[in-house]
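Here's the structure, in structure tokens; my notes come after.
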Amino acid sequence: MKNYYDLLEVTPKASKEIIEKAYRVLIKKYHPDLYHGEERIYAENKSRELNEAYRVLSSDFLREQYDLELEKERKFNNENAINNNYSKKNNKFDNQKEQSKAPNKKQEKEEKPHKVGTIMSMVDLLKEIFKKRNRSEGPRKLQKEDKIAAVLTLIIVIVIGVALWFIPFTHSFIRDLIPF
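Mind the numbering: the sequence shown is residues 0 to 179 in numbering that gives the first Met the number 0, read in order.
Written as structure tokens, this is what we have:
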């Protein structure tokens, strides 16, 4: 996954104003009209990457999703690095580990990062919100996470409903579900 913060040369805690200034400076620097030949192709690609980074980081919702996915990837990479260091130190036990883990490999499912803005990334975000929920007994106030979860769930249901609306053999079923 590309690190949009590094691409725009800002820190992850940068405000929208700083991100916008950095974007404007870099987009002027890499404007394709300033270059010729192979340099122009590089500038066009760089401009596309900058536009994509700015689009994601300038939107609160997309930035929050991106930060969550970036954090997932960092944790995954850290776990892999720790496992690699551990296995390098304990080479004589590697074969025994592999043999004991072989039956479990089929059961384990690797998490693949989803693109920002996809339905699966929204579902992953919902899963994270529900995992972090406070499971205390009794009534509680609605928290920010609950509101986000409700909105994301509603968006997912609407997208699925619209998709089913355009499928010919499910059109009449969806039409019967809508009360108006």
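Yeah, the Cβ is synthetic: ideal placement off N, Cα and C, and Gly gets one too.
Given residue i, which residues of its chain have a CB within under 7 Å of its CB, disregarding the five upstream and five downstream residues?
i	result
Ala21	Leu7, Glu8 and Val9
Lys108	Any reading at Lys108 must be qualified, since the residue scores a pLDDT of 47, below 50, and its modelled position is unreliable; the value itself is stated next. None.
Lys45	Tyr29
Gly160	Ile173
For a quick check, are the C-beta atoms of residue i and residue j less than 8 Å apart?
i	j	result
Leu69	Leu49	no
Leu163	Thr169	yes
Arg23	Pro31	no
Arg62	Val55	yes
Please identify the residue among the options whose C-alpha is closest to the C-alpha of residue i.
i	options	result
Glu19	Lys28, Asn77, Lys74 and Ser57	Ser57
Ile155	Lys126, Val122 and Asn76	Val122
Ile147	Val158, Glu127 and Asp5	Glu127
Lys28	Ala42, Ala52 and Asp66	Ala42
Val150	Phe60, Asn77, Phe165 and Phe75	Phe60
Lys143	His35, Leu125, Arg174 and Gly36	Leu125
Glu51	Asp145, Lys130, Arg174 and Asn2	Asn2
I believe residue i touches residue j by the beta-carbon criterion, under 8 Å. Please report the beta-carbon distance rounded to the nearest angstrom.
i	j	result
Gln64	Ser14	Contact flag wrong, Cβ pair sits at about 18 Å.
Excluding five sequence neighbours on each side, which residues of the same chain lie with their C-beta closer than 8 Å to the C-beta of residue i?
i	result
Met0	Glu68, Leu69, Glu72 and Pro112
Pro167	none
Tyr34	Tyr41 and Ala42
Phe172	Leu163
Asp66	Pro11
Starting from the C-beta of residue i, find all residues in its chain whose C-beta is less than 6 Å away, skip the five residues before and the five after it, and write them out in chain order.
i	result
Pro11	Tyr4
Lys105	In this prediction, Lys105 scores a pLDDT of 45, lower than 50, which makes its location untrustworthy; the coordinate-derived value is nonetheless stated afterwards. Hits under 6 Å: none found.
Tyr53	Tyr22
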